[in-house]
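To start, the structure under review is shown below, and the notes come after it.
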Amino acid sequence: MKILKKSIWKFSAPENINLYSDARYWGYCVLFLSAFVYSYLVPITHGFCLSILTVAFLLILFACFIYSYRLVSNLSDTHGRNPVFLALISLFLLHAGVLAGFLFSGNIESVLWVKDSYDMHVPGALNISRFISGDEPLRPLSGPFDKIYFTHVLVGVSFWLLGDNPISSGIVLLFARGLTVVVIYALARSMFGNKAGAIGALIYAFMPTLLFYTTSFYKEAIVQLLVALMIYSFNKILKSTARGWEYLLLFLSLILIANERFYLFPMFLAALVIISVLAFRKIPVFPRIGIIVLAIAGGLFFFSEYYLWLYSRFLDVPSFFSALRVAYTQYPDVAPHNAVFPYWMGFVKILLTPVFTLNKFAIFSNYAYLLIWGSFFNQIVMLFGLAGIFFNLRLQFKDTAILVFPFFLFVCLFAYVAPYNGRLRDSFYPVIAVYAGYAMRRLAEKWGEA
Numbered sequence: 232m233k234i235l236k237k238s239i240w241k242f243s244a245p246e247n248i249n250l251y252s253d254a255r256y257w258g259y260c261v262l263f264l265s266a267f268v269y270s271y272l273v274p275i276t277h278g279f280c281l282s283i284l285t286v287a288f289l290l291i292l293f294a295c296f297i298y299s300y301r302l303v304s305n306l307s308d309t310h311g312r313n314p315v316f317l318a319l320i321s322l323f324l325l326h327a328g329v330l331a332g333f334l335f336s337g338n339i340e341s342v343l344w345v346k347d348s349y350d351m352h353v354p355g356a357l358n359i360s361r362f363i364s365g366d367e368p369l370r371p372l373s374g375p376f377d378k379i380y381f382t383h384v385l386v387g388v389s390f391w392l393l394g395d396n397p398i399s400s401g402i403v404l405l406f407a408r409g410l411t412v413v414v415i416y417a418l419a420r421s422m423f424g425n426k427a428g429a430i431g432a433l434i435y436a437f438m439p440t441l442l443f444y445t446t447s448f449y450k451e452a453i454v455q456l457l458v459a460l461m462i463y464s465f466n467k468i469l470k471s472t473a474r475g476w477e478y479l480l481l482f483l484s485l486i487l488i489a490n491e492r493f494y495l496f497p498m499f500l501a502a503l504v505i506i507s508v509l510a511f512r513k514i515p516v517f518p519r520i521g522i523i524v525l526a527i528a529g530g531l532f533f534f535s536e537y538y539l540w541l542y543s544r545f546l547d548v549p550s551f552f553s554a555l556r557v558a559y560t561q562y563p564d565v566a567p568h569n570a571v572f573p574y575w576m577g578f579v580k581i582l583l584t585p586v587f588t589l590n591k592f593a594i595f596s597n598y599a600y601l602l603i604w605g606s607f608f609n610q611i612v613m614l615f616g617l618a619g620i621f622f623n624l625r626l627q628f629k630d631t632a633i634l635v636f637p638f639f640l641f642v643c644l645f646a647y648v649a650p651y652n653g654r655l656r657d658s659f660y661p662v663i664a665v666y667a668g669y670a671m672r673r674l675a676e677k678w679g680e681a
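Each residue of the sequence shown is one higher than the one before, counting from 232 in the working numbering.
Below, the structure written as structure tokens:
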């Protein structure tokens with residue numbers, strides 16, 4: 232027992248992380264089994280017992296994260312590849328445990344395909360699957376906001392190959408989230424060193440609210456991947472180390488985000504224009520031409536596709552934002568006070584939502600309890616992320632301000648429109664994870680000095 236305790240709590244040497252040690256095997260088993268047992272019991276557990284079950288699962292996640300955090304806190308900032316695999320394996324086991332638990336419970340479809348899934352995402356993916364099979368044409372679009380999403384295309388292909396079930400959609404979302412872990416690690420490592428990259432990847436892998444939104448059939452996993460890729464490319468351009476394929480990746484991500492979550496497109500396009508002006512001489516000729524073409528074409532497309540349509544109905548921008556606020560607050564699960572929320576308080580709420588309130592127990596059920604009790608972990612990470620942004624603004628104001636510029640624009644907009652909507656705010660969770668990893672690295676270094 233003494234040897235086991237020593238093996239679990241001993242820090243690994245900075246030169247190497249042994250992913251296959253006895254302690255790691257125990258940790259991996261705990262992650263998978265806790266996710267499996269939790270998701271197996273969720274559909275048949277209610278009320279206070281469901282809260283106890285959820286809190287127990289979250290405490291296990293927290294313990295595994297703290298152990299992993301202590302492990303990577305001893306890394307040197309020049310260490311190679313192992314840290315990202317620690318986050319990837321943890322992510323895979325969590326998702327696999329959740330999917331397996333719901334599958335064996337017999338409730339996987341009713342839990343993981345939520346209302347938005349049935350209203351929008353499942354029909355879209357089924358249409359793609361049947362189109363590939365030759366059974367039906369692509370559905371007609373009814374307006375500028377009715378789209379065939381990239382998420383639907385990917386899941387539709389998975390439906391075609393594996394069958395139309397939540398396992399098929401879950402595999403696609405897991406793959407996208409795994410890629411996001413890799414991008415977060417690469418971005419944070421480039422900015423702050425290997426230790427911060429490893430911590431940022433772990434934060435993203437373990438966050439319980441993200442686990443809910445990226446195992447349920449939403450667009451969030453794909454949106455977060457696109458945001459991570461764009462911020463990664465921005466950082467490369469600012470450091471004058473971007474290669475041709477990274478410019479192509481940026482252009483493709485911008486085009487896809489215009490389709491996947493249209494209002495993020497002008498935010499990132501504005502940031503790209505600012506970067507291009509500041510680093511114009513450092514950008515090669517062909518990418519420079521591509522940025523100019525994309526900026527002009529994207530601006531014209533956004534103007535013709537959305538602005539003219541909106542102007543014909545609302546006549547001015549303030550009226551549109553007011554109508555958008557009404558549209559977002561009309562859902563039955565939105566408390567009435569959100570419709571009259573003071574703007575300055577909206578900033579706090581959009582940054583820290585979901586906020587623990589008792590009325591959520593009447594609104595949410597089964598798996599969504601992760602959002603209620605996981606809100607505390609989310610708020611801790613958000614505060615670390617904001618602290619990391621603040622610290623880095625003092626050291627590298629220009630680069631940091633540009634990288635967080637789209638996030639700042641989003642917060643300014645949604646503090647008014649929908650300050651309660653954490654799912655949309657989580658589009659920028661890769662950015663938060665990077666800067667939270669940086670802040671936690673600083674904390675680990677201070678603890679080490681102490």
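From the three backbone atoms N, C-alpha and C, an ideal C-beta is built for every residue, glycine too.
Inter-residue Cα distance where the pair is residue i and residue j
{"i": "Arg673", "j": "Val315", "result": "19 Å"}
{"i": "Ser471", "j": "Ala419", "result": "17 Å"}
{"i": "Ala526", "j": "Phe534", "result": "12 Å"}
{"i": "Leu272", "j": "Asn305", "result": "37 Å"}
{"i": "Leu302", "j": "Gly529", "result": "45 Å"}
{"i": "Ala667", "j": "Pro368", "result": "46 Å"}
{"i": "Ala452", "j": "Val635", "result": "20 Å"}
{"i": "Gly394", "j": "Ser658", "result": "28 Å"}
{"i": "Met461", "j": "Phe279", "result": "42 Å"}
{"i": "Arg370", "j": "Ser400", "result": "20 Å"}
{"i": "Ala599", "j": "Lys580", "result": "19 Å"}
{"i": "Phe587", "j": "Leu617", "result": "20 Å"}
{"i": "Lys677", "j": "Met613", "result": "20 Å"}
{"i": "Ile239", "j": "Tyr300", "result": "Reliability fails at Ile239, whose pLDDT of 34 lies under 50, so the model's placement of it is uncertain and no value is given."}
{"i": "Ala473", "j": "Ile514", "result": "8 Å"}
{"i": "Gly355", "j": "Ala593", "result": "30 Å"}
{"i": "Leu644", "j": "Phe552", "result": "9 Å"}
{"i": "Ile283", "j": "Phe335", "result": "21 Å"}
{"i": "Asn338", "j": "Gln610", "result": "30 Å"}
{"i": "Gly475", "j": "Arg512", "result": "16 Å"}
{"i": "Ala577", "j": "Arg556", "result": "Note on residue identity: the sequence assigns Gly, not Ala, to residue 577. If I take the Cα positions, the gap works out to 12 Å."}
{"i": "Tyr298", "j": "Ala675", "result": "13 Å"}
{"i": "Tyr651", "j": "Phe595", "result": "15 Å"}
Any non-hydrogen atom of the ligand HEM within 7 Å of residue i CB
{"i": "Arg474", "result": "Judged by which ligands are present, the structure shown has none, so any question about the ligand HEM falls away."}
Check whether residue i and residue j have beta carbons under 8 Å apart
{"i": "Gly653", "j": "Pro573", "result": "no"}
{"i": "Thr446", "j": "His326", "result": "yes"}
{"i": "Ile506", "j": "Ala664", "result": "no"}
{"i": "Met422", "j": "Leu640", "result": "no"}
{"i": "Ile318", "j": "Ala436", "result": "The question names Ile, yet the displayed sequence has Ala at residue 318. A contact, by the Cβ cut-off of 8 Å."}
{"i": "Lys450", "j": "Tyr380", "result": "yes"}
{"i": "Ala459", "j": "Pro637", "result": "no"}
{"i": "Phe376", "j": "Gly332", "result": "no"}
{"i": "Ala649", "j": "Leu655", "result": "yes"}
{"i": "Leu485", "j": "Phe493", "result": "no"}
{"i": "Leu589", "j": "Phe443", "result": "no"}
{"i": "Leu626", "j": "Ala632", "result": "no"}
{"i": "Tyr269", "j": "Phe296", "result": "no"}
{"i": "Glu477", "j": "Pro397", "result": "no"}
{"i": "Ile359", "j": "Tyr259", "result": "no"}
{"i": "Phe615", "j": "Ala670", "result": "yes"}
{"i": "Trp604", "j": "Val286", "result": "yes"}
{"i": "Glu491", "j": "Thr382", "result": "yes"}
{"i": "Ile363", "j": "Trp391", "result": "yes"}
{"i": "Asp347", "j": "Leu469", "result": "no"}
{"i": "Leu582", "j": "Val524", "result": "no"}
{"i": "Ser464", "j": "Leu487", "result": "no"}
N-terminal and C-terminal residue of the alpha helix (DSSP H) that residue i is part of
{"i": "His383", "result": "Phe381 to Leu393"}
{"i": "Asn425", "result": "Asn425 to Phe437"}
{"i": "Gln610", "result": "Ser606 to Leu626"}
{"i": "Met461", "result": "Glu451 to Leu469"}
{"i": "Tyr478", "result": "Gly475 to Glu491"}
{"i": "Trp344", "result": "Trp344 -> no alpha helix (DSSP H), and no H or E assigned at all."}
{"i": "Leu369", "result": "Run containing Leu369: none; DSSP gives neither H nor E here."}
{"i": "Gly355", "result": "Val353 to Ser364"}
{"i": "Ser686", "result": "As shown, the chain starts at 232 and ends at 681. That puts residue 686 outside it, with no answer to give."}
{"i": "Lys580", "result": "Tyr574 to Leu583"}
Whole-number beta carbon distance between residue j and residue i, since they are thought to touch under 8 Å
{"i": "Val353", "j": "Phe448", "result": "7 Å"}
{"i": "Phe293", "j": "Phe608", "result": "7 Å"}
{"i": "Val386", "j": "Val403", "result": "5 Å"}
{"i": "Thr411", "j": "Leu479", "result": "That pair is no contact at about 19 Å."}
{"i": "Val261", "j": "Ile291", "result": "6 Å"}
{"i": "Pro274", "j": "Val342", "result": "6 Å"}
{"i": "Leu503", "j": "Ile522", "result": "6 Å"}
{"i": "Gly409", "j": "Leu322", "result": "6 Å"}
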